[in-house]
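Protein chains in written order, with my numbering: chain A, 46 to 358; chain B, 1237 to 1395.
Each residue gets a CB set at the ideal place from its N, CA and C atoms; glycine is no exception.
To start, the structure under review is shown below, and the notes come after it.
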Amino acid sequence: MPVNASDALSLAGRDLISVRDFTRDELIAFLDEAEAFEYYTSPILSGMVMGSLFFEPSTRTNLSFSSAMQRLGGSVLGFADSKVSSTSKGESLADTVRVVENYCDIILLRHPFEGAARLASESTRLPVINAGDGTNQHPTQTLLDLYTIRQKRNALEGLKIAFIGDLKYSRTVHSLIETLSHFDNELFLISPTSLRIPPDFLEELNANGTVYHEDEDFFSIAQDVDVLYSTRIQQERFPDAVEYEKVKNAYRIDRETIEKLGGKATLMHPLPRLNEISMDLDDYPGAAYFDQVRNGVTVRKAVLSLLLGKTRV
Amino acid sequence: MPAEQPPRVPEGSKIKVSALREGTVIDHLVAGTALKVLKILGLDSDRSVTIGLNLESKKMGHKDLIKIERHEVINEEVQKIALVSPNATFSIIRDFHVVQKLSPSLPEMIENLLRCPNPSCVTTDDRVRTKFIVVRTDSLRLRCHYCERTIRKDEIELL
Ligand SMILES: [Zn+2]
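Dropping the structure here:
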């Protein structure tokens, strides 16, 4: 659906393809709406249908969106894996979308190719939500991360936020860092040299005047860090198994590391985790990774109702 | 890439090209880009074109030069050529005289001209028209409208 820029804060009918498409105020509007949805259960999306097109499987995202839609009274149709869709017969993405738009009110798209959601949105009059396009964007993940930070720290500004692990390939980290540049925070970027954040992102941070520190050493993080965002370090990123073992353990977070860092940090992770976060932290009051999962549903409720133009009554 | 040593042209000598009556002279092209520029212009085969490759240039060391008969470049073409050769100069010739000089500036959006270097970009499907947003012009940065990958000058590849 083409962007309607006439009313900056009207999100009805808009697509959610990339966090880049939204202003700071619009991002905050999503979060505010989500907050209102914390305990809101009326079926305001009753009679509405979400067309859910997963050209690659992603069980968690799929379940989270379906839960949000169904809890608001809406229903879901679609496929969870492209093996069963007609694209395996060579139908183009644009054609698939033009067919499916007749069955639903909003389209959710997951696709292994970067830019697929943007392309889909240009082929339909319906709002399109990007549920992940390759390594590019997954905007509701970014929104739920922002939401969780604001929920746990009561602010989106003036925070010390550390990102730890694979900063080179992590889509989650890239999007969140870019989005945080709308707000005034101090960032710590901790990764092995081989998994440093790509220079293009640093260039953007420099252009935005974001304060950041890059280091390999976990304990270079300030003692009074507010948020620790840990990501998976995947073995396939390392040609050498020994190197992987070293790195894996250097960035593992357990109770001791939390204590060393002041014992107050909010601990986030996009899940699934391998062993980046020790299980003994699951009852640590700052552990927020399961809250992220719950917040995912809340944020998606807000996204669905805002884009569908259905307001709470 | 170290350029091959071009054949020496004696100091002061000029390459002989017939004077242009009507058309465009594109000068100060980065050496090695003339053929790309011709591809951008996509001229029909009945037009006569003179190309100078690897000419000596005081300012640039070496440069390419193109003279095109009976074609006056338009702004859109100038902008596209600026992508491969940002300092190119364009002189519109009428009746053997330069009547206008154009200097390149980049458009905000470049459509269906470049290939996205990202192998998992949705535009690798040939049916999709490519689009790039010009993010910065000082040290050139483009962003693919689809995969959002930032592209540097040395990654630019014409379709
Ligand atoms: Zn691309």
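Check whether residue i and residue j have beta carbons under 7 Å apart
| i | j | result |
| --- | --- | --- |
| A/Val270 | A/Lys197 | no |
| B/Lys1299 | B/Ala1267 | yes |
| B/Val1358 | A/Ala161 | yes |
| A/Asp285 | A/Leu240 | no |
| A/Thr343 | A/Phe158 | no |
| A/Leu188 | A/Leu154 | no |
| B/Leu1274 | B/Gly1288 | no |
| A/Glu146 | A/Leu171 | yes |
| A/Met185 | A/Val142 | One detail in the question is off: residue 185 of chain A reads as Thr in this sequence, not Met. For A/Thr185 and A/Val142, no; Cβs fall outside 7 Å. |
| B/Glu1384 | B/Arg1351 | no |
| A/Glu249 | A/Asp229 | no |
| A/Ile266 | A/Ala207 | yes |
| B/Val1309 | B/Phe1332 | no |
| A/Leu61 | A/Val292 | no |
| B/Glu1313 | B/Leu1277 | yes |
| A/Asn253 | A/Ser226 | yes |
| B/Val1334 | B/Thr1269 | no |
| A/Thr193 | A/Asp327 | no |
| A/Glu261 | A/Leu234 | no |
| A/Ser220 | A/Val338 | no |
| B/Ile1396 | B/Leu1378 | Nothing can be reported for residue 1396 of chain B: it is not among the residues displayed for chain B, which extend from 1237 to 1395. |
| A/Arg345 | A/Asp325 | no |
| A/Phe110 | A/Ser127 | no |
| A/Thr302 | A/Val272 | no |
| A/Gly96 | A/Cys149 | yes |
| A/Tyr334 | A/Leu316 | yes |
| B/Thr1286 | B/Lys1272 | no |
| A/Glu231 | A/Val256 | yes |
Range of the contiguous alpha helix (DSSP H) that encloses residue i
| i | result |
| --- | --- |
| A/Gln279 | First-last for A/Gln279: undefined, no H or E at that position. |
| B/Asn1311 | Asn1311 to Val1320 |
| A/Tyr289 | Ala286 to Ala295 |
| A/Ser127 | First-last for A/Ser127: undefined, no H or E at that position. |
| A/Tyr84 | No alpha helix (DSSP H) contains A/Tyr84, which DSSP labels as neither H nor E. |
| A/Tyr329 | First-last for A/Tyr329: undefined, no H or E at that position. |
| A/Ser112 | Thr104 to Arg116 |
| A/Arg300 | Arg300 to Lys305 |
| B/Leu1274 | Ala1270 to Leu1277 |
First through last residue of the beta strand (DSSP E) which encompasses residue i
| i | result |
| --- | --- |
| B/Asn1290 | Val1285 to Ser1293 |
| A/His183 | It is not in any beta strand (DSSP E) - A/His183 carries neither H nor E in the DSSP assignment. |
| B/Glu1305 | Gly1297 to Glu1305 |
| A/Ser120 | Ser120 to Phe124 |
| B/Lys1337 | His1333 to Leu1338 |
| B/Thr1260 | Gly1259 to Val1266 |
| B/Val1370 | Lys1367 to Arg1372 |
| B/Arg1388 | Thr1386 to Arg1388 |
| A/Tyr257 | Val256 to Asp260 |
| A/Val94 | Val94 to Phe99 |
| B/Ser1341 | Careful: B/Ser1341 lies outside any beta strand (DSSP E) and carries neither H nor E. |
| B/Phe1326 | Thr1325 to Arg1330 |
| A/Thr311 | Thr311 to Met313 |
| A/Glu321 | Premise fails: A/Glu321 is in no beta strand (DSSP E) and is neither H nor E. |
| B/Ile1346 | Met1345 to Glu1347 |
Residues that residue i contacts on chain D, provided the C-beta gap is smaller than 8 Å
| i | result |
| --- | --- |
| A/Arg65 | Any reference to chain D falls outside this structure, whose protein chains are A and B. |
Closer than 6 Å: residue i CB and nearest ligand 2 heavy atom
| i | result |
| --- | --- |
| B/Arg1385 | Within the structure as shown, ligand 2 is missing, the only ligands being ligand 1. |
Item to complete: Taking a Cβ distance cut-off of 7 Å, strictly less, list which residues of the region 330 to 353 of chain A are near chain B, in chain order.
Response: none
Discussion item. For the structure I just gave you, are there three or more beta carbon pairs, one from the region 345 to 356 of chain A and one from the region 121 to 129 of chain A, closer than 8 Å?
Written reply: no
Worksheet item: Are three or more beta carbon pairs between the region 163 to 181 of chain A and the region 68 to 78 of chain A nearer than 8 Å?
Response: no
Practice prompt. Quick one: which residues of the region 144 to 164 of chain A get their C-beta closer than 8 Å to a C-beta of chain B? List them in chain order.
Written response: His156, Pro157, Phe158, Glu159, Gly160, Ala161, Arg163 and Leu164
Discussion item. What ranges does the alpha helix (DSSP H) occupy inside the region 136 to 215 of chain A, keeping only unbroken runs of at least 4 residues that lie completely in it?
Written reply: 138 to 145, 161 to 166 and 184 to 198
Practice prompt. For the region 1331 to 1361 of chain B, enumerate the residues whose C-beta is nearer than 7 Å to any C-beta of chain A, in chain order.
Written response: Asn1354, Ser1356, Cys1357, Val1358 and Thr1359
Discussion item. Using a Cβ-Cβ cutoff of 9 Å, what residues of the region 174 to 198 of chain A are near chain B? List them in chain order.
Written reply: Asp178, Gly179, Thr180, Asn181 and Gln182
Fill in: Near-chain A residues of the region 1359 to 1378 of chain B - C-beta to any C-beta below 7 Å
Thr1359, Arg1363 and Val1364
Worksheet item: Which whole runs of the beta strand (DSSP E) in the region 211 to 252 of chain A are 3 residues long or more, in chain order?
Response: 231 to 235
Discussion item. Taking 8 Å as the cut-off, does the region 1342 to 1356 of chain B touch the region 1370 to 1390 of chain B (at least 3 CB pairs, one atom from each stretch)?
Written reply: yes
Item to complete: Determine contact between the region 212 to 226 of chain A and the region 271 to 278 of chain A, defined as no fewer than three beta-carbon pairs at a distance below 8 Å.
Response: yes
Worksheet entry | Interface positions of the region 1301 to 1312 of chain B facing chain A (Cβ-Cβ less than 7 Å), listed along the chain | none
Fill in: Near-chain B residues of the region 209 to 222 of chain A (beta-carbon distance less than 9 Å), N- to C-terminal order
none
Worksheet item: Using a Cβ cut-off of 7 Å, which residues of the region 239 to 266 of chain A contact any Cβ in chain B, in chain order?
Response: Asp245
Worksheet item: Using a Cβ cut-off of 8 Å, which residues of the region 81 to 106 of chain A contact any Cβ in chain B, in chain order?
Response: none
Worksheet item: Between the region 1367 to 1380 of chain B and the region 1340 to 1350 of chain B, do three or more beta carbon pairs fall short of 8 Å?
Response: yes
Practice prompt. Could you name the residues of the region 1256 to 1278 of chain B whose beta carbon sits closer than 9 Å to any beta carbon of chain A, in the order they occur along the chain?
Written response: none
Worksheet entry | Contact residues within the region 108 to 129 of chain A, judged by C-beta distance below 9 Å to chain B | none
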